[in-house]
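Visitor:
Numbering (my numbering), first residue to last: 11 to 113.
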């Protein structure tokens, strides 16, 4: 491959990096939202252990979403895991003060 062509390929790959990074971020966000929604379904149906697992997975995928942390706290509360509930609900309140759903 001629040197000029190789240089063009490098430039093209370099220019695609931001697009690929954005694509990865969007895919990760989509996964965490889906996991979070499944957790809500389990929480609503009273399957608290399953909800906790899903919310914990969603928190790993996106640790900045206060709703995930809040609802994980609610699931812990409903499972009588009060120390864990207090920890998560306090953290959610610090992330989003004044959220009407955070105890």
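Even for Gly, the Cβ is constructed at its ideal location relative to N, Cα and C.
According to the neighbour-count rule (16 or more other Cβ atoms, all chains shown, within 10 Å of its Cβ), is residue 75 buried or exposed?
Guide: One-based indexing of the chain shown puts residue 75 at position 65. Buried, since its Cβ has 16 or more Cβ neighbours within 10 Å.
Visitor: Would residue 59 pass as a contact of residue 45 if the rule is Cβ separation under 9 Å?
Guide: Within the chain shown, numbered from 1, the residue matching residue 59 stands at position 49. Within the chain shown, numbered from 1, the residue matching residue 45 stands at position 35. Cβ atoms of residue 59 and residue 45: not closer than 9 Å.
Visitor: Who are the near neighbours of residue 52 in its chain, counting only those whose CB is closer than 7 Å to its CB and skipping five residues on each side?
Guide: Counted from its first residue, the chain shown places residue 52 at position 42. Excluding sequence neighbours, residue 52 sits near 60, 61 and 64.
Visitor: Using a Cβ-Cβ cut-off of 7 Å (strictly less than) and excluding sequence neighbours within five positions of residue 38, which residues of its own chain qualify?
Guide: In the chain shown, the residue the question calls residue 38 occupies position 28. Unreliable placement is indicated for residue 38, whose pLDDT of 48 sits below 50; the coordinate value is still reported in the next sentence. Excluding positions up to five away in sequence, the list reads 71.
Visitor: Run through the segment 53 to 79 for me and flag every whole beta strand (DSSP E) of 3 or more residues, listed as ranges in chain order.
Guide: If we require 3 residues or more, the segment 53 to 79 turns out to have no beta strand (DSSP E) run fully inside it.
Visitor: So, is residue 81 buried or exposed, given that buried needs 16 or more other C-beta atoms within 10 angstroms?
Guide: In the chain shown, residue 81 corresponds to position 71, counting from 1. Label assigned to residue 81: buried.
Visitor: Could you spell out where the alpha helix (DSSP H) holding residue 101 opens and where it closes?
Guide: By 1-based counting over the chain shown, the position of residue 101 is 91. Residue 101 -> alpha helix (DSSP H) spans 92 to 105.
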